[in-house]
Amino acid sequence: METNPIPNRLKQARLRAGFTQMQLGVMIGMDEGSASGRMNHYEKGRHTPDIRTLKKIADTLGVPLNYFFCEDDITAELSIQIDRLSSDKKQMLLQFINELQKENHEL
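In the UniProt record's numbering, the protein residues as written are 1 to 107.
Written as structure tokens, this is what we have:
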């Protein structure tokens, strides 16, 4: 995918969380008068939020920061689900993935 995934991911996460553009903007510290417009520019890809702003958005929407950089929907959903796992479960998942890759190479 050549296009920037941030605008689409931002809109998806915002809608999933049930916030308007203005609500999200205000929640991350934007002025009420400019929040909706700024968030709209981010979602349309006219402007890209800096990393600190993107981190605030991620924390507010309950998604990991890397979610915004996922180029496909499956990877994006995996990033959310993996983020919710405990450290032990993440380790187990990593071991399982390593085993799958070994099996794949043996075929």
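Note that CB positions come from ideal geometry on N, CA and C, so glycine has one too. This structure is a prediction, so every number in the text was calculated from the model and none was measured.
Comparing C-alpha positions only, which one of N104, F96 and T3 sits nearest to R46?
Residue numbering aside, residue 46 sits at position 46 when the sequence shown is read from its first letter. Measuring from the Cα of R46, the nearest candidate turns out to be T3.
L93 versus A13: straight-line alpha-carbon distance, rounded
Numbered from 1 along the sequence shown, position 93 holds the residue referred to as residue 93. Numbered from 1 along the sequence shown, position 13 holds the residue referred to as residue 13. As the crow flies, the alpha-carbon of L93 is around 24 Å from that of A13.
Within its chain, find whatever has a CB closer than 6 Å to the CB of M22; leave out the 5 residues flanking it on each side and keep chain order.
Taking the first residue of the sequence shown as 1, we reach residue 22 at position 22. Around M22: A35 and S36.
List the whole-angstrom C-beta distance separating R16 from F68, where the pair is believed to meet the contact cut-off of C-beta under 8 Å.
Residue mapping note: residue 16 aligns to position 16 of the sequence shown, counting from 1. Residue mapping note: residue 68 aligns to position 68 of the sequence shown, counting from 1. 13 Å between Cβ atoms; not a contact.
S79 - DSSP class collapsed to helix/strand/coil
On the sequence shown, residue 79 is found 79 positions in, with the first residue counted as 1. Three-state result, S79: helix.
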